[in-house]
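Have a look at the structure below, then the notes.
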Amino acid sequence: MTVPTTNRSPAFSIRRASHISLAVSDLKASIAFYTEVIGLVVSAQGDDVAYLRGVEESAHHSLTLVQKKDQPSCLRLGFRVDSEAELDRAFDHFSGSGRNPAFVDVPHQGRTLHVPDSMGVPLEFCATMPAQHRLHDQFHVQKGGAALRYDHVQLLAPDVAKASEFYTDLGFRISDYFVDGEHDEKPLGIFMYRKNNPHDIVFLTRPGPVLHHFAYIVADSTFLFRALDTGGSLGYASNLERGPARHGEGHALYVYFRDPDGHRVEIMSPPIQMGDAEDVPMRWHRGNRHSWEYPAPKSWLYEASKFEGVEIEGKGTAAKLRSLEDFLANRPLKVAE
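Those letters in the sequence shown? Residues 1 to 337, by the UniProt record's numbering.
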């Protein structure tokens, strides 16, 4: 099996993954976590909603938190397009493919298009947001990890090749994919991008579609530890799920946290640059992934945030994955004599 081929002449031009909307149970608690530990700043806030952004971002928001009484969930994934004209092209494209797109009014965004992807994941596209003052040089107001900017989102899906076809048809290029063994063909994970780094959206093989995590970039490794130290000081030690460590693909340093509702957020060092014509998908397997990270804990492997109103498929097909708990339980204990 091969990975999908990118459509180099897509129906409309997507610039990048740009924002995400989450349903939370306690807005005040969620704001405290994302501002104090991750280091986002609040652009606007109402009684039941808050809009946050990274300190480097001029866009009004990259994270929307909506207080809801129902189970916490992911409400929508956001992407930016190049212009208003691209939104019209997107509408025509999705109308022609039977996806029932709709223009909607969204606070603090320009004209916004809502549409589901091929699995039913709710997406939105917009071209503009009100510009905000960048705070990357205002060190006296930065907190925690001082997250710079929104980077990517990772989803779980039972068939990552099939899930990726929707996005490669829209012009997403594949930076990396991985299989299990050296001679295996079936992709277990696919990384896709539109901007100049390896990931705007990632798919891993599990029951889905569900949101695994979303990620922000920090300036360097010291800000990872600032987030960790700040979180520990403020009582968020149990919110640390994985890391600090280094990824096998891309080799970025990372930390994963769980927010007060269990939504997973990653902060990571700046990724590698790519996007030239000669950049082709990199194939990874167990034999060529060199990293000093431990295996992921079971929570990281199997827990995720549901999309509101979207049915999960492949519930009985999840492979048994090597977890941190399994690794530690089976590691020989060497006792000094």
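Where a beta carbon is used, it is the ideal one built from N, C-alpha and C, also for glycine. Since this is a predicted model, take the numbers as computed values, not measurements.
Where do the ends of the beta strand (DSSP E) carrying residue i lie?
{"i": "residue 292", "result": "Where residue 292 is concerned, there is no enclosing beta strand (DSSP E), given that its DSSP letter is neither H nor E."}
{"i": "residue 185", "result": "First-last for residue 185: undefined, no H or E at that position."}
{"i": "residue 63", "result": "63 to 67"}
{"i": "residue 174", "result": "173 to 178"}
{"i": "residue 311", "result": "Premise fails: residue 311 is in no beta strand (DSSP E) and is neither H nor E."}
If you follow the alpha helix (DSSP H) that residue i is in, where does it begin and where does it stop?
{"i": "residue 299", "result": "298 to 302"}
{"i": "residue 324", "result": "324 to 330"}
{"i": "residue 150", "result": "Counting along the chain, residue 150 falls outside any alpha helix (DSSP H), though it belongs to the beta strand (DSSP E) covering 149 to 157."}
{"i": "residue 31", "result": "27 to 33"}
{"i": "residue 229", "result": "221 to 233"}
{"i": "residue 165", "result": "160 to 168"}
Rank the options by C-alpha distance to the C-alpha of residue i and give the top, closest one.
{"i": "residue 80", "options": "71, 100, 59 and 65", "result": "59"}
{"i": "residue 136", "options": "70, 174, 53 and 167", "result": "53"}
{"i": "residue 272", "options": "104, 179 and 196", "result": "196"}
{"i": "residue 208", "options": "160, 22 and 166", "result": "160"}
{"i": "residue 107", "options": "63, 101 and 153", "result": "63"}
{"i": "residue 162", "options": "118, 105 and 134", "result": "118"}
{"i": "residue 57", "options": "326, 229 and 39", "result": "39"}
{"i": "residue 65", "options": "26, 55, 89 and 37", "result": "26"}
{"i": "residue 166", "options": "3, 330 and 334", "result": "3"}
{"i": "residue 314", "options": "308, 24 and 302", "result": "302"}
{"i": "residue 140", "options": "55, 122 and 104", "result": "55"}
{"i": "residue 142", "options": "230, 113, 89 and 187", "result": "230"}
{"i": "residue 324", "options": "260, 309, 114 and 241", "result": "241"}
{"i": "residue 134", "options": "122, 120, 121 and 149", "result": "149"}
{"i": "residue 24", "options": "17, 69 and 18", "result": "69"}
{"i": "residue 239", "options": "9, 33 and 28", "result": "33"}
CA-CA distance, residue i and residue j?
{"i": "residue 147", "j": "residue 215", "result": "9 Å"}
{"i": "residue 200", "j": "residue 155", "result": "11 Å"}
{"i": "residue 304", "j": "residue 264", "result": "8 Å"}
{"i": "residue 15", "j": "residue 132", "result": "19 Å"}
{"i": "residue 87", "j": "residue 11", "result": "10 Å"}
{"i": "residue 93", "j": "residue 277", "result": "26 Å"}
{"i": "residue 124", "j": "residue 332", "result": "50 Å"}
{"i": "residue 101", "j": "residue 202", "result": "23 Å"}
{"i": "residue 300", "j": "residue 336", "result": "34 Å"}
{"i": "residue 91", "j": "residue 295", "result": "42 Å"}
{"i": "residue 96", "j": "residue 204", "result": "29 Å"}
{"i": "residue 180", "j": "residue 194", "result": "26 Å"}
{"i": "residue 297", "j": "residue 248", "result": "16 Å"}
{"i": "residue 164", "j": "residue 282", "result": "16 Å"}
{"i": "residue 158", "j": "residue 206", "result": "5 Å"}
{"i": "residue 170", "j": "residue 151", "result": "19 Å"}
{"i": "residue 78", "j": "residue 232", "result": "31 Å"}
{"i": "residue 326", "j": "residue 46", "result": "45 Å"}
{"i": "residue 18", "j": "residue 235", "result": "30 Å"}
{"i": "residue 260", "j": "residue 213", "result": "14 Å"}
{"i": "residue 237", "j": "residue 328", "result": "21 Å"}
{"i": "residue 9", "j": "residue 334", "result": "58 Å"}
{"i": "residue 98", "j": "residue 189", "result": "28 Å"}
{"i": "residue 330", "j": "residue 178", "result": "25 Å"}
{"i": "residue 321", "j": "residue 29", "result": "33 Å"}
{"i": "residue 185", "j": "residue 138", "result": "49 Å"}
{"i": "residue 269", "j": "residue 61", "result": "21 Å"}
Using a Cβ-Cβ cutoff of less than 8 Å, which residues in the same chain neighbour residue i once the five nearest sequence positions on both sides are dropped?
{"i": "residue 246", "result": "252, 253, 254, 291, 292 and 293"}
{"i": "residue 110", "result": "84, 126, 127, 128 and 129"}
{"i": "residue 42", "result": "31, 35, 50, 51 and 52"}
{"i": "residue 306", "result": "71, 73, 74, 210, 211 and 312"}
{"i": "residue 279", "result": "173 and 175"}
{"i": "residue 340", "result": "Here the chain comprises residues numbered 1 to 337, so residue 340 is not present and cannot be evaluated."}
{"i": "residue 267", "result": "38, 145, 147, 215, 216, 217, 218, 223, 224, 227, 254, 255 and 257"}
{"i": "residue 244", "result": "221, 224, 225, 228, 253, 254 and 255"}
{"i": "residue 7", "result": "168, 169, 170 and 171"}
For residue i, which beta-bridge partners are listed by DSSP?
{"i": "residue 140", "result": "BP columns for residue 140 are empty, so no partner."}
{"i": "residue 119", "result": "Its beta-bridge partners do not exist; DSSP assigns none."}
{"i": "residue 44", "result": "51"}
{"i": "residue 14", "result": "81"}
{"i": "residue 102", "result": "114"}
{"i": "residue 266", "result": "215 and 256"}
{"i": "residue 94", "result": "DSSP output for residue 94 lists no bridge partner at all."}
{"i": "residue 201", "result": "153 and 192"}
{"i": "residue 306", "result": "210"}
{"i": "residue 124", "result": "78 and 114"}
Please go through the same chain and pick out, in chain order, the residues whose beta-carbon is closer than 6 Å to the beta-carbon of residue i, but skip the five residues on each side of it.
{"i": "residue 82", "result": "13 and 15"}
{"i": "residue 48", "result": "67"}
{"i": "residue 21", "result": "64, 75 and 76"}
{"i": "residue 104", "result": "112 and 114"}
{"i": "residue 308", "result": "73 and 75"}
Leaving aside the five residues before and after residue i along the sequence, list all residues of the same chain whose C-beta is less than 7 Å from its C-beta, in chain order.
{"i": "residue 223", "result": "145 and 146"}
{"i": "residue 5", "result": "168"}
{"i": "residue 89", "result": "11 and 12"}
{"i": "residue 310", "result": "120, 121 and 209"}
{"i": "residue 44", "result": "51 and 108"}
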